[in-house]
Amino acid sequence: MCWKTFVPWWLAAICLAASLMTPATAWCQDAAQDSQSDASADDDKTLREQTVYIPFSKLRDVFEKEGRGVFLPYDQFQTLWKAAREKNPAGVPNAADQPPVDAILVQATSEATVQADVVQVEATLEIELLRKGWNTIPLNLKNTAIQSATLGDQPARITAKADGSYQLVVKNPGQQDNRIELKLVYVRAFNKSPGQNSVSLSAPQAPVNRWKIRVPGSDAKINVSPMIAASESPASNPTATAGDADATAADDAEPNDSKPNDSKPKADETVLWAFVGAAPEVSIRWTAKSEGASGMTALTSVQTAQQTHFAEGAVRTRAQVNYSISRAQLKQLIVDVPSDQKVVNVADANIRKWDVEVQDDKQRITVELFEPAEGQQALMIELEKFIDETMMQRIETPIIEAIGVGRQQGFVVTKVDPELRMELTAREGLLQIDASELPPTLAGQKWANAFRYSALPYKLELSLEKIKPRIEIDQLVEAYLMPSRLTLESYVVFDIQQTGVFQLEMDVPSGYTIEQVVGRAQGQAQPAAVESHDVTGQNNTRLQINLSRKAIGKIGVWVQMYKTLTDPNLLTPTGNASDVQIDIPKGDQTYRSRLDGHVVVYAPESLRLNPNRNNGMRAVSFTEAFSKVQSTRDSRYSGTRPTLAFTFSDQPSDLQVNVLRRNPSVTARQLLVTDVESGVVKYRCTLFFEIRYSGVKSLRIDVPDSIADKLQNQSGGLRDSVMQPQPDDVAEGYVAWQLSAESELNGQKTVVLAWDKNIAELEVGQSVQIDVPAIVPQDVDRSWGQIVITKSETLDVQPVGQPTGLRPIDPSVDLMPGANVKDAAAAMEFHDAWTLSLAATRYQVQPMKRTSIERALVRNVLTRSGYRNVHAMYRVRSAEQRLALLLPAEAEFDSQPARINGAPVPMERGDKDQLFIPLSGQTPDDEFVLSLRYTVKGGSDDISLPEFPDQPALQKIYLAVYLPEEWTLLSSSGPWTEEFTWRRQQFTEVAPVPNQDEQRLQQWVSEGINTMQDSVFQTDGTMFLYSALRPDPPPEGNLSLTTAKQSMIGGLILTCLIVLGLLTMATRLAGKVSVLVLLGIAVAGCCVLTPNFSQHLLGLPAVSGMLMLLLVWGAWGTQHATKAVYRSIRTGWNRPAKEASAEDETAATAEQTPPEPSSQDDQEDEIDEEFLIADDDNSNESNDRKEADNE
């Protein structure tokens, strides 16, 4: 091809390629430009390092223009720069800056126009796009037909969702927020019904959602639901409501005129503006306004529900007047009420104002309404009338009459306070009905009477009577008769019935002073709310108790009064008796229907009472006196006791008692404690005087001359002095003392006298005699006492000779009440004159153990890992401050290794691995439970117990060892007694059973000691229990156990028996019997020497081994017997010929050889020969069989 031909083809190819590449190139350029723009945008956000050169002369102006700065070396700046870039790389937006939603529907303005069969809605939606890229905005619009949707002047992308709604799909090209406006036109058919049309629209939801609704026809009634606010168009006056709620009128100004189709309403249409909020569905209902009956008056009927409440001093009426209006509207309502009634209130939401005008014997109420009433209109009228007791005899219920109505009917109900009694005196035009026939507004309440009337007028006349209270009284009067004062305390239970009261009255005796009047609760009686009290009447015999609130039911009142007594026969014991009048206060008789009272008279022991006169009263027991009303004595008047009890009623009562002041009675008890110590004897004499009936001015005691100057009076409030002159009856060697106080002595008095007597220091084995002095109370009715002897540990005190007037007693049991002498060595008691001499001898004291352990339980749990978990419980009594303890060196402690009575205590470490447990708070006489927990490495061959270096007195101790289930006990050694027995659980299995339960052992250790709940000590395996009395310390007292695995023991026994059977299976029967006998002897020896191991010789392995042994022997015997039978059969076939030849040879030999005497050896030889011959025959027979088999 020449070049001329090639050039056109080349040019054509180039042109064709250029024409094909032009669109792609343009698209690529656009894409490249977009990518470049995106890249440039990303580059703008990328942080890049730049170098800026600043002249040295301008450094201060640049870096210190806004204050001093911080300058870093370049390396440090690079480090900070890289760290900042790693935390927030360029182009990665912060999560906090991301918008919570992709897009927001800001507001929606919709205009709904009712057309022929559909409602057309033109909506303008303002949407703000927050996220870059494609966004979807839900529009709802279910069951609607979209006619058009535009974004600006371009069609909008709207797609349908699965649930039938629609959504807008739009792209936000930039990073910034973008606000767009969507215009929608959609329609939906509305429902038609007689008198009303309705439609429900699923509109887009926006927080600002405004609707403009156009309905054909003027003055149409439009209802929109939901509706937050509404406003009417100025050219129309529709009535707009939101459901059953009243619509709140918005601003009178027209909404924004810039919205679509915001034209003025036409004359033949109704326009309503409504704000519905973010509602998912908007319901619109409309109907044309009813014209009514043109030129006619309204047809009205009234239904009333009148309630009249009769209270004390007032009659209150509340009437609900319900109007039913048809044909026309009413702008004004008129009602007549009686002139003697006060109009308190006329209420309804549609009432603008109401006036009252008096016309003759009536009052006319004129009510003006906000809106003319049509259909239903209600009025609530409240009336009130004040009455007094004279008007209560004849009173009429008010009649409320509606003026200008065609018919009035209704209900009249009455209610009366519980304090009043009502009686019907006249009734006209009323029909009494049951409470179940009342309308719902009156049902559910309790009414005295219920009536119904069908027309006016009617008459209801009543008579009211005030109910008087009915009071029942239960009363207890407690009279405290003292020598100088008589106090009456009366607790009265008023049971007030029928009506309440604000005041209570009581009849009180004259001459008494009222000290307290308070309300007090007891049983079912509530405390009375006492506000004040006052004593009135002639001689001040009427007590008025004012209450702060009305009282009804059971209330309790406690009244205390007293009177001073000046009778000399009561003040001092003269021997003459006096009569004392005891007056009884009672509840007032005005409203009293029943009085049931009791009186209890209290007096001290110094007064003896006998009733002289008890008119209108009956003597009862104290139990019956307190049966209805309990005593209010409490802990007061502890020196008195109940002496007399009577019951009384509302009849007049009179009680007089004869009182005699008794002479004083003095009893003396003496406790003389003699404490003998080395070098001194300390005496302490306590005299308990009991003065009864009357007081005494002083007490007399006679003391020995030898100790008079040594006595120390340690009695509080009692002064001692030597009587001057001395009485004539003072014994020789004694001095009379006098004990007195600021006032008379009465009741319990205690005198404490102490003195010391020095004696010589005693050597070991030396004795000294001590004479015990006697202090003698005088002028007493009865005197007795006890002598208690205490001593130091190194002394022994014994009476010298035979004591006079004394008898020995047990100081731990027989001491007098109130005597508490610790470490008493001996005690004696006397009731008359006595003498006592003591001999004190000194001895050498041997030290005793200061710690004793009475009971103990130690549990050792052997684990498979080679450790022992140990829990030791000790019942300890110790006088030490710290308890020393030694544990194995390799012991590891628990988190709380030591506890006393369940409470953790710290452990202190001393020298030579000694541990100390502090016993603070524990007394030597108190027992406590010491609990120890630790872990030690080791097996069962050497089990040791915690060691106490002080070697306390250790009593019985139990040691429980737990072995794993697969291990068994062969033998044990040590100073321990087995506390378990082997019992056969099954035919071939035995197991150890402890003689004591583990739980019972723990209770046995802590018996009688209050311990806290301790954590559970976990145990596992088989328990082997041992016990010992006073075991030796380690290592002599250690317990050693020989253990082995049960499988190994069973396998060994089974193997030995099988091997024995194999070795002895070829022996004769006698040999086998010998083997069994030897086995029995061996088992018996094991039972004696090692009883624990012998238990396994009767278990399953031994039984299995014996069965295998017998099986081997039986198999061998069976085989041998079979062979013998077989040989005998074969021998029987050849025996006749051989026997004939043998007989011939024997006969020939017998003829040639003379017979010789045979011996036993010869016979045995012959037997052996026979066996040999038989063997030869057998061998020959076997050879013959082999030859036959070969043939």
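Each number in the numbering used here comes from the position in the sequence shown (counting from 1) with 42 added on. C-beta: ideal position from N, C-alpha, C; glycine also.
Here's a check: name, in chain order, each residue in its chain whose Cβ is nearer than 6 Å to the Cβ of residue i, leaving out the five neighbours to either side.
i: Tyr-916; result: Ile-895, Ala-898 and Leu-972
i: Leu-996; result: Ile-895 and Arg-1072
i: Leu-226; result: Ala-165 and Ala-191
i: Glu-311; result: Arg-256 and Pro-258
i: Gly-681; result: Pro-646
i: Glu-1056; result: For clarity, residue 1056 is Asp in the given sequence; the question names Glu instead. Answer for Asp-1056: Gly-944, listed in chain order.
Applying the criterion that 16 or more other CB atoms from any shown protein chain within 10 Å of the CB defines a buried residue, is residue i buried or exposed?
i: Phe-352; result: buried
i: Pro-913; result: Note that residue 913 corresponds to His in the displayed sequence, not to Pro. Flag for His-913 reads buried.
i: Thr-1097; result: exposed
i: Tyr-1168; result: exposed
i: Ile-445; result: exposed
i: Leu-1011; result: buried
i: Trp-253; result: buried
i: Gly-908; result: exposed
i: Thr-93; result: exposed
i: Ser-986; result: buried
i: Gln-1240; result: No answer is possible for residue 1240: it lies beyond the span of the chain, which begins at 43 and ends at 1233.
i: Pro-246; result: buried
i: Met-1090; result: exposed
i: Arg-394; result: exposed
i: Lys-501; result: exposed
i: Glu-784; result: exposed
i: Leu-147; result: buried
i: Met-269; result: buried
i: Phe-1022; result: buried
i: Gly-598; result: buried
Might you give, ordered along the chain, the residues of its own chain that have their beta carbon closer than 7 Å to the beta carbon of residue i, omitting 5 neighbours on each side?
i: Trp-489; result: Val-455, Thr-456, Lys-457 and Ala-477
i: Arg-1026; result: Val-1032
i: Leu-58; result: No answer about Leu-58 holds up, because its pLDDT of 38 lies below 50 and its placement is not dependable.
i: Gln-189; result: Val-227, Tyr-228 and Val-229
i: Lys-724; result: Asp-717 and Asp-798
Leaving out five residues on either side along the sequence, give the residues of the same chain with a beta carbon under 8 Å from the beta carbon of residue i.
i: His-575; result: Ile-556, Val-559, Leu-585, Gln-586, Ile-587 and Asn-588
i: Asp-205; result: Lys-184
i: Leu-114; result: Leu-122
i: Val-806; result: Arg-884, Tyr-885 and Gln-886
Below 8 Å on the Cβ atoms is my guess for residue i versus residue j; work out the distance and round it to an integer in Å.
i: Arg-892; j: Ala-921; result: 4 Å
i: Gly-639; j: Phe-690; result: 5 Å
i: Ile-367; j: Gly-417; result: 6 Å
i: Lys-605; j: Gly-542; result: Going by Cβ atoms, the distance from Lys-605 to Gly-542 rounds to 34 Å, so no, they are not a contact pair.
i: Leu-713; j: Ala-861; result: 5 Å
Let me check you understand the geometry: is the CB of residue i closer than 7 Å to at least one non-hydrogen atom of the ligand MN?
i: Thr-1023; result: Within the structure as shown, the ligand MN is missing, as the structure has no ligands at all.
contact_flag[the stretch 522 to 535, the stretch 485 to 499] where n(CB pairs < 8 Å) is 3 or more: no
Segment contact flag, the stretch 1015 to 1028 with the stretch 1107 to 1118, C-beta cutoff 8 Å, min 3 pairs: no
Touch test, the stretch 875 to 883 against the stretch 902 to 917, Cβ-Cβ under 8 Å, three pairs minimum: no
Three-pair Cβ contact test at 8 Å for the stretch 612 to 622 versus the stretch 660 to 672: no
Sufficient close CB pairs (3 or more, under 8 Å) joining the stretch 715 to 725 to the stretch 755 to 775: no
Three or more C-beta pairs below 8 Å linking the stretch 516 to 532 and the stretch 462 to 475: no
At least 3 beta-carbon pairs within less than 8 Å: the stretch 154 to 162 vs the stretch 239 to 255: yes
Whole beta strand (DSSP E) elements within the stretch 544 to 568, 3-residue minimum: 555 to 561
Those runs of the alpha helix (DSSP H) which lie wholly inside the stretch 739 to 778 and span at least 4 residues: 747 to 750
Sufficient close CB pairs (3 or more, under 8 Å) joining the stretch 1064 to 1071 to the stretch 988 to 1005: yes
Segments assigned beta strand (DSSP E), at least 3 residues, entirely inside the stretch 1028 to 1061: 1032 to 1036
Segment contact, 8 Å Cβ cut-off, at least three pairs: the stretch 701 to 708 with the stretch 726 to 743: yes
Those runs of the beta strand (DSSP E) which lie wholly inside the stretch 672 to 749 and span at least 3 residues: 682 to 690, 696 to 703, 707 to 719 and 722 to 746
Stretch pair the stretch 404 to 423 + the stretch 356 to 367: three plus CB contacts closer than 8 Å: yes
Touch test, the stretch 407 to 417 against the stretch 430 to 441, Cβ-Cβ under 8 Å, three pairs minimum: no
The stretch 963 to 972 / the stretch 1032 to 1051 touching (three or more Cβ pairs under 8 Å): yes
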